[in-house]
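Numbering (our numbering) for the sequence shown: 771 to 1222.
Backbone N, C-alpha and C define an ideal beta-carbon position, used for all residues, glycine too.
Small disclaimer: the values here were computed from a predicted structure and weren't measured.
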Amino acid sequence: MPKGKSIEKPSVKDTFFLGSVVSCLPGRSISFITSRKRYSFRFKLVFQSGVSKSIQRGGFPTRKAAQLARDDALIQICRKQFVPYSYTVKEFYDYWLWYYMWDEKDISYNTYMTYRNIILNYIDPALGTISLPSLKRKDLIQVLLGIPSPNVRRLACAVVSSSMQVARDRNYISCNIAMKITAEVNRLKRTEEQRLMSTPAARKQTAKVYSSAQLSRLQNVCRQEEPSLYLPMLLAAATGLRVSELRALKYDNIDFLNKCASIETQLGRTKDADPDKNYHSMQFQEKKLKTINSRRKIVLPDYVLTEILLERQRYEHNRATEPDFCDLGYVCCRKNGLPYGQNFYKKPYQRLLKKYNFPKIDWRKLRNSNATILANEKVSMKAISKNLGHSSPGFTNTVYVEHQPLVYDLSRQMEEYVLLHGLLPESPAKRSSKVNAFPDDSAYMKYFSDKI
(Lines of atoms letter the chains of each structure in order from A and count residues from 1; the text may use other names and numbers.)
(Lines give C-alpha, C1' and ligand atoms only; values in the text may rest on other atoms or scores of the structure.)
Protein backbone atom coordinates (compact mmCIF):
# COMPACT_ATOMS: atom_id res chain seq x y z
CA MET A 1 0.00 0.00 0.00
CA PRO A 2 1.37 3.45 -0.85
CA LYS A 3 1.83 5.83 2.05
CA GLY A 4 -0.25 8.96 2.33
CA LYS A 5 1.21 12.36 1.64
CA SER A 6 1.98 14.64 4.58
CA ILE A 7 1.19 18.34 4.60
CA GLU A 8 4.39 20.21 3.76
CA LYS A 9 4.13 23.93 4.41
CA PRO A 10 6.14 26.27 2.21
CA SER A 11 8.47 28.69 3.94
CA VAL A 12 7.30 32.31 4.02
CA LYS A 13 8.84 35.60 5.07
CA ASP A 14 8.90 36.40 8.77
CA THR A 15 7.27 39.79 8.16
CA PHE A 16 3.95 38.03 7.43
CA PHE A 17 3.61 37.29 11.14
CA LEU A 18 4.12 40.88 12.37
CA GLY A 19 0.42 41.69 12.08
CA SER A 20 -1.11 45.02 11.18
CA VAL A 21 0.53 48.40 11.82
CA VAL A 22 -0.47 49.83 15.20
CA SER A 23 1.52 53.06 15.49
CA CYS A 24 4.46 55.00 14.09
CA LEU A 25 7.52 56.55 15.70
CA PRO A 26 8.89 59.20 13.28
CA GLY A 27 12.65 59.49 12.99
CA ARG A 28 14.66 62.39 11.67
CA SER A 29 12.89 64.20 8.88
CA ILE A 30 14.82 63.82 5.63
CA SER A 31 18.27 62.41 4.84
CA PHE A 32 20.43 62.72 1.75
CA ILE A 33 22.19 59.61 0.40
CA THR A 34 25.41 60.88 -1.12
CA SER A 35 26.28 57.72 -3.05
CA ARG A 36 22.93 57.73 -4.87
CA LYS A 37 22.34 61.46 -4.82
CA ARG A 38 18.80 60.87 -3.69
CA TYR A 39 16.73 61.84 -0.64
CA SER A 40 15.03 59.39 1.69
CA PHE A 41 13.09 59.29 4.97
CA ARG A 42 12.90 56.71 7.75
CA PHE A 43 10.51 55.96 10.59
CA LYS A 44 9.80 53.12 13.00
CA LEU A 45 6.57 51.11 12.87
CA VAL A 46 5.03 49.24 15.79
CA PHE A 47 3.12 46.13 14.70
CA GLN A 48 0.28 44.23 16.33
CA SER A 49 2.68 41.52 17.47
CA GLY A 50 4.59 44.12 19.53
CA VAL A 51 7.62 44.10 17.25
CA SER A 52 9.08 47.41 16.05
CA LYS A 53 10.69 47.69 12.62
CA SER A 54 12.46 50.56 10.89
CA ILE A 55 11.08 51.38 7.45
CA GLN A 56 12.92 53.48 4.87
CA ARG A 57 11.59 54.95 1.65
CA GLY A 58 14.03 56.56 -0.77
CA GLY A 59 14.81 57.46 -4.36
CA PHE A 60 13.39 61.01 -4.26
CA PRO A 61 15.22 63.59 -6.46
CA THR A 62 14.50 66.59 -4.21
CA ARG A 63 14.00 67.28 -0.53
CA LYS A 64 10.51 68.61 -1.19
CA ALA A 65 9.46 65.41 -2.97
CA ALA A 66 10.76 63.34 -0.05
CA GLN A 67 8.89 65.56 2.43
CA LEU A 68 5.62 65.21 0.50
CA ALA A 69 6.03 61.41 0.32
CA ARG A 70 6.76 61.28 4.06
CA ASP A 71 3.65 63.30 4.90
CA ASP A 72 1.58 61.07 2.63
CA ALA A 73 2.97 57.95 4.34
CA LEU A 74 2.07 59.31 7.79
CA ILE A 75 -1.48 60.01 6.61
CA GLN A 76 -1.73 56.43 5.28
CA ILE A 77 -0.52 55.07 8.62
CA CYS A 78 -3.22 57.03 10.45
CA ARG A 79 -5.82 55.66 8.03
CA LYS A 80 -4.49 52.09 8.37
CA GLN A 81 -3.61 52.09 4.67
CA PHE A 82 0.18 52.04 4.76
CA VAL A 83 1.84 48.97 3.16
CA PRO A 84 5.22 48.43 4.83
CA TYR A 85 6.31 45.34 2.87
CA SER A 86 5.66 44.11 -0.64
CA TYR A 87 4.92 40.48 -1.53
CA THR A 88 4.04 38.64 -4.70
CA VAL A 89 0.60 37.10 -5.06
CA LYS A 90 2.09 33.60 -4.73
CA GLU A 91 3.96 34.51 -1.53
CA PHE A 92 0.78 35.92 -0.03
CA TYR A 93 -1.36 32.88 -0.87
CA ASP A 94 1.30 30.55 0.53
CA TYR A 95 0.94 32.38 3.82
CA TRP A 96 -2.87 32.72 3.64
CA LEU A 97 -3.56 29.04 2.93
CA TRP A 98 -1.00 27.22 5.05
CA TYR A 99 -0.47 29.58 7.98
CA TYR A 100 -3.66 31.64 8.25
CA MET A 101 -6.41 29.25 7.12
CA TRP A 102 -4.76 25.95 8.14
CA ASP A 103 -3.19 27.02 11.43
CA GLU A 104 -5.25 29.96 12.68
CA LYS A 105 -8.70 29.16 11.27
CA ASP A 106 -8.29 25.38 11.66
CA ILE A 107 -10.07 24.47 8.41
CA SER A 108 -10.80 20.82 7.60
CA TYR A 109 -8.65 18.75 5.28
CA ASN A 110 -11.28 18.75 2.51
CA THR A 111 -11.62 22.53 2.67
CA TYR A 112 -7.85 22.85 2.58
CA MET A 113 -7.65 20.66 -0.55
CA THR A 114 -10.40 22.67 -2.25
CA TYR A 115 -8.68 25.99 -1.60
CA ARG A 116 -5.27 24.56 -2.50
CA ASN A 117 -6.50 23.31 -5.89
CA ILE A 118 -8.09 26.67 -6.70
CA ILE A 119 -4.89 28.54 -5.83
CA LEU A 120 -2.53 26.16 -7.65
CA ASN A 121 -4.70 25.71 -10.75
CA TYR A 122 -6.05 29.22 -11.33
CA ILE A 123 -4.61 31.99 -9.15
CA ASP A 124 -0.88 31.21 -9.04
CA PRO A 125 -0.43 30.46 -12.78
CA ALA A 126 -2.11 33.72 -13.81
CA LEU A 127 -1.17 36.13 -11.02
CA GLY A 128 1.60 34.49 -8.99
CA THR A 129 4.45 36.78 -10.08
CA ILE A 130 2.50 40.05 -9.76
CA SER A 131 3.27 42.30 -6.82
CA LEU A 132 0.35 42.21 -4.38
CA PRO A 133 0.08 46.02 -3.93
CA SER A 134 -0.05 46.47 -7.72
CA LEU A 135 -2.72 43.80 -8.23
CA LYS A 136 -5.84 45.19 -9.95
CA ARG A 137 -9.47 44.24 -9.57
CA LYS A 138 -9.77 43.52 -13.29
CA ASP A 139 -6.97 40.94 -12.95
CA LEU A 140 -8.97 39.01 -10.34
CA ILE A 141 -12.17 39.23 -12.37
CA GLN A 142 -10.43 37.94 -15.48
CA VAL A 143 -9.14 34.89 -13.60
CA LEU A 144 -12.54 34.16 -12.01
CA LEU A 145 -14.41 34.46 -15.31
CA GLY A 146 -11.95 31.99 -16.85
CA ILE A 147 -12.97 29.19 -14.46
CA PRO A 148 -15.33 26.90 -16.44
CA SER A 149 -17.08 25.14 -13.56
CA PRO A 150 -19.76 27.22 -11.78
CA ASN A 151 -19.12 25.40 -8.48
CA VAL A 152 -15.37 25.98 -8.62
CA ARG A 153 -15.94 29.60 -9.68
CA ARG A 154 -18.23 30.18 -6.70
CA LEU A 155 -15.63 28.76 -4.31
CA ALA A 156 -12.86 30.74 -6.00
CA CYS A 157 -14.85 33.96 -5.48
CA ALA A 158 -15.08 33.08 -1.78
CA VAL A 159 -11.32 32.43 -1.64
CA VAL A 160 -10.51 35.75 -3.31
CA SER A 161 -12.97 37.75 -1.17
CA SER A 162 -11.75 36.24 2.09
CA SER A 163 -8.05 36.44 1.27
CA MET A 164 -8.15 40.04 0.07
CA GLN A 165 -9.92 41.08 3.26
CA VAL A 166 -7.14 39.45 5.28
CA ALA A 167 -4.54 41.25 3.14
CA ARG A 168 -6.30 44.55 3.80
CA ASP A 169 -6.62 43.96 7.57
CA ARG A 170 -2.91 43.13 7.88
CA ASN A 171 -1.67 46.00 5.71
CA TYR A 172 -0.47 43.87 2.81
CA ILE A 173 -2.60 46.06 0.49
CA SER A 174 -3.93 49.57 0.99
CA CYS A 175 -7.55 48.81 0.03
CA ASN A 176 -9.69 45.74 -0.54
CA ILE A 177 -9.92 45.36 -4.33
CA ALA A 178 -12.29 42.37 -4.03
CA MET A 179 -15.25 44.09 -2.40
CA LYS A 180 -18.50 42.58 -3.77
CA ILE A 181 -16.50 40.82 -6.49
CA THR A 182 -18.78 37.76 -6.36
CA ALA A 183 -21.81 39.80 -7.43
CA GLU A 184 -19.87 41.41 -10.27
CA VAL A 185 -18.52 38.10 -11.54
CA ASN A 186 -21.99 36.53 -11.42
CA ARG A 187 -23.47 39.47 -13.32
CA LEU A 188 -20.81 39.32 -16.04
CA LYS A 189 -21.18 35.54 -16.30
CA ARG A 190 -24.97 35.77 -16.61
CA THR A 191 -24.59 38.29 -19.42
CA GLU A 192 -22.20 35.97 -21.21
CA GLU A 193 -24.45 32.93 -20.73
CA GLN A 194 -27.51 34.79 -22.02
CA ARG A 195 -25.59 35.63 -25.16
CA LEU A 196 -24.70 31.96 -25.65
CA MET A 197 -28.20 30.63 -24.95
CA SER A 198 -29.45 31.19 -28.49
CA THR A 199 -29.10 27.53 -29.60
CA PRO A 200 -30.79 24.38 -28.22
CA ALA A 201 -27.36 22.72 -27.88
CA ALA A 202 -26.20 25.50 -25.58
CA ARG A 203 -29.37 25.26 -23.49
CA LYS A 204 -28.83 21.54 -23.05
CA GLN A 205 -25.26 22.04 -21.89
CA THR A 206 -26.33 24.57 -19.27
CA ALA A 207 -28.70 22.14 -17.50
CA LYS A 208 -27.97 22.33 -13.76
CA VAL A 209 -30.19 19.67 -12.19
CA TYR A 210 -32.02 16.50 -13.22
CA SER A 211 -35.77 16.34 -13.60
CA SER A 212 -37.66 13.50 -11.93
CA ALA A 213 -38.06 11.75 -15.31
CA GLN A 214 -34.34 12.04 -16.04
CA LEU A 215 -33.44 10.70 -12.61
CA SER A 216 -35.77 7.75 -13.04
CA ARG A 217 -34.22 6.87 -16.39
CA LEU A 218 -30.68 7.36 -15.05
CA GLN A 219 -31.36 5.03 -12.13
CA ASN A 220 -32.84 2.36 -14.42
CA VAL A 221 -29.81 2.29 -16.71
CA CYS A 222 -27.50 2.44 -13.69
CA ARG A 223 -29.11 -0.70 -12.26
CA GLN A 224 -28.41 -2.53 -15.51
CA GLU A 225 -25.02 -1.12 -16.49
CA GLU A 226 -23.36 -0.22 -13.14
CA PRO A 227 -25.10 -2.25 -10.40
CA SER A 228 -22.49 -1.40 -7.75
CA LEU A 229 -23.35 2.30 -8.16
CA TYR A 230 -27.13 1.81 -8.02
CA LEU A 231 -27.64 1.98 -4.23
CA PRO A 232 -25.31 4.98 -3.73
CA MET A 233 -27.18 6.79 -6.52
CA LEU A 234 -30.55 5.96 -4.93
CA LEU A 235 -29.41 7.29 -1.56
CA ALA A 236 -27.93 10.45 -3.06
CA ALA A 237 -30.95 11.23 -5.24
CA ALA A 238 -33.68 10.25 -2.75
CA THR A 239 -32.18 11.66 0.45
CA GLY A 240 -29.65 14.29 -0.69
CA LEU A 241 -26.75 12.74 1.23
CA ARG A 242 -23.26 14.13 0.72
CA VAL A 243 -20.66 11.71 -0.65
CA SER A 244 -18.77 11.65 2.66
CA GLU A 245 -22.01 10.97 4.58
CA LEU A 246 -23.09 8.28 2.14
CA ARG A 247 -19.77 6.46 2.49
CA ALA A 248 -20.03 6.51 6.30
CA LEU A 249 -23.61 5.19 6.49
CA LYS A 250 -23.81 1.94 8.46
CA TYR A 251 -26.58 -0.59 9.00
CA ASP A 252 -26.61 0.41 12.67
CA ASN A 253 -27.71 3.91 11.59
CA ILE A 254 -30.85 2.63 9.84
CA ASP A 255 -34.18 2.28 11.63
CA PHE A 256 -36.19 -0.06 9.42
CA LEU A 257 -39.34 0.18 11.58
CA ASN A 258 -39.54 3.98 11.45
CA LYS A 259 -38.09 4.14 7.93
CA CYS A 260 -35.34 6.61 8.69
CA ALA A 261 -31.56 6.84 9.02
CA SER A 262 -29.39 8.74 11.49
CA ILE A 263 -26.53 10.74 9.99
CA GLU A 264 -23.86 10.88 12.68
CA THR A 265 -20.47 10.89 10.98
CA GLN A 266 -18.64 11.13 7.67
CA LEU A 267 -15.60 9.48 6.12
CA GLY A 268 -12.52 11.34 4.97
CA ARG A 269 -9.07 12.49 5.97
CA THR A 270 -8.58 14.47 9.16
CA LYS A 271 -5.98 17.17 9.74
CA ASP A 272 -4.00 15.06 12.21
CA ALA A 273 -3.81 12.03 9.91
CA ASP A 274 -0.58 10.07 10.27
CA PRO A 275 1.30 10.27 6.93
CA ASP A 276 3.07 6.97 7.77
CA LYS A 277 -0.24 5.16 7.32
CA ASN A 278 -1.22 3.89 3.90
CA TYR A 279 -3.37 6.04 1.65
CA HIS A 280 -6.60 4.10 2.21
CA SER A 281 -6.31 4.23 6.00
CA MET A 282 -5.97 8.02 5.79
CA GLN A 283 -9.05 8.40 3.57
CA PHE A 284 -11.27 6.09 5.66
CA GLN A 285 -11.13 7.98 8.94
CA GLU A 286 -14.44 8.69 10.62
CA LYS A 287 -14.70 12.36 11.52
CA LYS A 288 -17.27 14.82 12.75
CA LEU A 289 -19.90 16.14 10.37
CA LYS A 290 -19.52 19.34 8.39
CA THR A 291 -21.85 21.43 10.56
CA ILE A 292 -24.02 21.05 13.65
CA ASN A 293 -27.12 20.82 11.47
CA SER A 294 -25.58 17.96 9.50
CA ARG A 295 -26.38 15.64 12.43
CA ARG A 296 -29.92 14.70 11.50
CA LYS A 297 -32.44 11.99 10.71
CA ILE A 298 -33.53 11.47 7.12
CA VAL A 299 -36.61 9.72 5.83
CA LEU A 300 -35.99 6.65 3.66
CA PRO A 301 -38.57 5.80 0.96
CA ASP A 302 -39.79 2.22 0.74
CA TYR A 303 -37.95 1.48 -2.50
CA VAL A 304 -34.67 2.62 -0.93
CA LEU A 305 -35.26 0.42 2.14
CA THR A 306 -35.92 -2.52 -0.16
CA GLU A 307 -32.59 -2.02 -1.91
CA ILE A 308 -30.80 -1.70 1.44
CA LEU A 309 -32.25 -5.04 2.54
CA LEU A 310 -31.08 -6.66 -0.71
CA GLU A 311 -27.64 -5.13 -0.20
CA ARG A 312 -27.63 -6.56 3.32
CA GLN A 313 -28.15 -10.03 1.87
CA ARG A 314 -25.15 -9.56 -0.42
CA TYR A 315 -23.18 -8.25 2.55
CA GLU A 316 -23.91 -11.39 4.59
CA HIS A 317 -23.03 -13.61 1.62
CA ASN A 318 -19.68 -11.85 1.17
CA ARG A 319 -18.96 -12.08 4.89
CA ALA A 320 -19.48 -15.84 4.76
CA THR A 321 -17.51 -16.46 1.57
CA GLU A 322 -14.71 -13.86 1.47
CA PRO A 323 -11.69 -14.89 3.57
CA ASP A 324 -10.39 -11.31 4.03
CA PHE A 325 -13.78 -9.74 4.68
CA CYS A 326 -13.81 -6.73 7.03
CA ASP A 327 -17.05 -6.72 9.02
CA LEU A 328 -17.36 -2.95 9.50
CA GLY A 329 -21.08 -2.64 8.82
CA TYR A 330 -20.98 -0.09 5.99
CA VAL A 331 -24.01 -0.04 3.71
CA CYS A 332 -22.08 1.07 0.63
CA CYS A 333 -18.93 -1.00 0.56
CA ARG A 334 -16.73 -3.17 -1.58
CA LYS A 335 -16.85 -6.93 -1.80
CA ASN A 336 -14.30 -7.20 1.04
CA GLY A 337 -16.38 -4.97 3.36
CA LEU A 338 -14.19 -1.87 3.15
CA PRO A 339 -16.00 1.38 2.43
CA TYR A 340 -15.72 3.05 -0.95
CA GLY A 341 -13.06 5.67 -1.64
CA GLN A 342 -13.98 9.32 -1.96
CA ASN A 343 -13.98 9.17 -5.80
CA PHE A 344 -15.60 5.76 -6.21
CA TYR A 345 -18.49 7.10 -8.27
CA LYS A 346 -16.64 9.15 -10.87
CA LYS A 347 -15.70 6.63 -13.56
CA PRO A 348 -18.94 4.57 -13.64
CA TYR A 349 -21.04 7.74 -13.41
CA GLN A 350 -19.20 9.36 -16.31
CA ARG A 351 -19.60 6.17 -18.37
CA LEU A 352 -23.37 6.32 -17.88
CA LEU A 353 -23.61 9.98 -18.86
CA LYS A 354 -21.55 9.45 -22.00
CA LYS A 355 -23.19 6.22 -23.15
CA TYR A 356 -26.79 7.38 -22.74
CA ASN A 357 -26.25 11.06 -23.61
CA PHE A 358 -27.36 12.50 -20.28
CA PRO A 359 -26.63 16.15 -19.45
CA LYS A 360 -23.17 16.62 -17.93
CA ILE A 361 -24.27 17.27 -14.37
CA ASP A 362 -21.90 16.65 -11.45
CA TRP A 363 -22.71 13.92 -8.96
CA ARG A 364 -22.93 16.49 -6.16
CA LYS A 365 -25.81 18.11 -8.05
CA LEU A 366 -27.95 15.13 -7.07
CA ARG A 367 -28.44 17.08 -3.81
CA ASN A 368 -29.65 20.06 -5.82
CA SER A 369 -31.87 17.81 -7.92
CA ASN A 370 -33.40 16.35 -4.77
CA ALA A 371 -34.12 19.82 -3.35
CA THR A 372 -35.53 21.11 -6.65
CA ILE A 373 -37.85 18.13 -7.21
CA LEU A 374 -39.21 18.34 -3.66
CA ALA A 375 -39.71 22.11 -3.97
CA ASN A 376 -41.63 21.63 -7.24
CA GLU A 377 -43.87 19.15 -5.39
CA LYS A 378 -44.70 21.93 -2.88
CA VAL A 379 -42.80 20.30 -0.01
CA SER A 380 -42.02 22.72 2.83
CA MET A 381 -38.70 24.47 2.33
CA LYS A 382 -38.01 24.06 6.04
CA ALA A 383 -38.37 20.28 5.70
CA ILE A 384 -36.10 20.23 2.64
CA SER A 385 -33.49 22.33 4.45
CA LYS A 386 -33.56 20.07 7.50
CA ASN A 387 -33.26 16.96 5.34
CA LEU A 388 -30.14 18.35 3.61
CA GLY A 389 -28.55 19.43 6.89
CA HIS A 390 -28.69 23.18 6.27
CA SER A 391 -29.01 25.91 8.86
CA SER A 392 -31.76 27.92 7.17
CA PRO A 393 -34.49 27.39 4.55
CA GLY A 394 -33.42 30.61 2.83
CA PHE A 395 -29.97 29.20 2.09
CA THR A 396 -31.49 26.02 0.65
CA ASN A 397 -33.93 27.96 -1.49
CA THR A 398 -31.26 30.30 -2.83
CA VAL A 399 -28.35 27.93 -3.41
CA TYR A 400 -29.82 24.45 -3.90
CA VAL A 401 -33.22 24.94 -5.54
CA GLU A 402 -33.19 25.80 -9.23
CA HIS A 403 -36.02 28.21 -10.00
CA GLN A 404 -37.54 28.48 -13.45
CA PRO A 405 -38.09 32.07 -14.64
CA LEU A 406 -41.70 33.20 -14.28
CA VAL A 407 -43.49 33.51 -17.63
CA TYR A 408 -46.85 35.29 -17.72
CA ASP A 409 -49.41 34.71 -20.49
CA LEU A 410 -50.86 38.16 -21.27
CA SER A 411 -52.38 37.30 -24.64
CA ARG A 412 -55.97 37.51 -23.38
CA GLN A 413 -55.48 40.87 -21.69
CA MET A 414 -53.73 42.25 -24.75
CA GLU A 415 -56.53 41.09 -27.02
CA GLU A 416 -59.20 42.75 -24.83
CA TYR A 417 -57.21 46.01 -24.74
CA VAL A 418 -56.76 46.12 -28.53
CA LEU A 419 -60.43 45.42 -29.23
CA LEU A 420 -61.58 47.95 -26.65
CA HIS A 421 -59.50 50.78 -28.12
CA GLY A 422 -59.98 49.86 -31.75
CA LEU A 423 -56.32 49.34 -32.47
CA LEU A 424 -56.77 46.64 -35.13
CA PRO A 425 -56.22 47.80 -38.76
CA GLU A 426 -59.24 47.86 -41.10
CA SER A 427 -59.83 44.82 -43.25
CA PRO A 428 -59.15 45.20 -47.03
CA ALA A 429 -62.89 44.84 -47.80
CA LYS A 430 -63.79 47.91 -45.71
CA ARG A 431 -61.13 50.13 -47.15
CA SER A 432 -62.19 52.84 -49.67
CA SER A 433 -62.03 51.74 -53.34
CA LYS A 434 -62.08 55.33 -54.70
CA VAL A 435 -59.44 55.95 -57.34
CA ASN A 436 -57.94 59.38 -57.78
CA ALA A 437 -57.89 59.60 -61.62
CA PHE A 438 -55.84 62.19 -63.48
CA PRO A 439 -57.83 64.74 -65.66
CA ASP A 440 -57.90 64.16 -69.44
CA ASP A 441 -56.47 66.53 -72.15
CA SER A 442 -59.64 68.64 -72.49
CA ALA A 443 -59.30 69.90 -68.94
CA TYR A 444 -55.75 71.12 -69.64
CA MET A 445 -56.82 72.78 -72.94
CA LYS A 446 -59.74 74.54 -71.25
CA TYR A 447 -57.45 75.81 -68.52
CA PHE A 448 -54.88 77.30 -70.90
CA SER A 449 -57.53 78.77 -73.30
CA ASP A 450 -59.07 80.68 -70.42
CA LYS A 451 -55.66 82.18 -69.64
CA ILE A 452 -55.32 83.46 -73.25
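Residue pairing for A1031: DSSP places it in a beta bridge opposite I1024 and I1068.
For V1169, there is no enclosing beta strand (DSSP E), as DSSP marks it with neither H nor E. Separation of V853 and A1007 (C-alpha to C-alpha, rounded to the nearest whole angstrom) is 51 Å.
Here Q818 is not near V782, since their CB atoms are 8 Å or more apart. Among the bridge pairs identified by DSSP, R1134 is matched with none. Taking the CA atoms as reference points, C794 sits about 16 Å from I800.
If the five residues before and after R940 are omitted, its C-beta is found closer than 7 Å to the C-beta atoms of G789 and S790, all from its own chain and listed in chain order. Annotation note: the stretch 871 to 912 contains the following uninterrupted alpha helix (DSSP H) runs of length 4 or greater, listed N- to C-terminal: 879 to 888 and 894 to 897. Two segments are said to touch when three or more pairs of C-beta atoms, one from each, lie closer than 8 Å; by this definition the stretch 1069 to 1088 touches the stretch 994 to 1005. At the C-beta level, S805 and Q826 stay beyond 8 Å of one another. Of the candidates Y865, V955, Q935 and I847, Q935 places its Cα closest to the Cα of N946. DSSP lists L1037 as the bridge partner or partners of E1056. In the DSSP assignment, V816 falls within the beta strand (DSSP E) that extends over R808 to F817. Listed in chain order, the non-local C-beta contacts of L1019 below 6 Å within the same chain comprise V1101, local neighbours out to five positions each way being set aside.
Under the 8 Å Cβ criterion, the stretch 986 to 999 counts as touching the stretch 1119 to 1134, having at least three qualifying pairs. Here I888 is near V929, since their CB atoms are less than 8 Å apart.
A check of alpha carbon separations from T1061 across Y1187, V816, G829 and T881 identifies T881 as the nearest.
Secondary structure of P1109 (DSSP, three-state): strand. The three-state secondary structure of Y1100, taken from DSSP, is strand. DSSP lists K814 as the bridge partner or partners of L795. For K1067, same chain residues with a beta-carbon under 6 Å away, outside a window of 5 residues either side, are C1030 and S1032 in chain order.
Note on geometry: alpha-carbon atoms of K850 and S944 lie some 8 Å from one another. Under the three-state reduction of DSSP, I951 is assigned to helix. By the criterion of a C-beta distance shorter than 8 Å, R886 is surrounded in its chain by L867, once the five residues flanking it on both sides are discounted. Spatial neighbours of W872 in its own chain (CB-CB distance under 7 Å, excluding positions within 5 residues in sequence) are listed in chain order as Y882. Judged by DSSP in its simplified three-state form, Q851 adopts coil rather than helix or strand. S1155 counts as buried, since no fewer than 16 other beta carbons sit within 10 angstroms of its beta carbon. The Cβ atoms of E1015 and N1023 do not sit closer than 8 Å to each other. In this structure, the alpha-carbon of N1106 lies about 19 Å from that of E1056.
Residue pairing by DSSP places S801 opposite S810 in a beta bridge.
Between K908 and the set T952, L925, G1111 and Q1112, the nearest pair of CA atoms involves T952.
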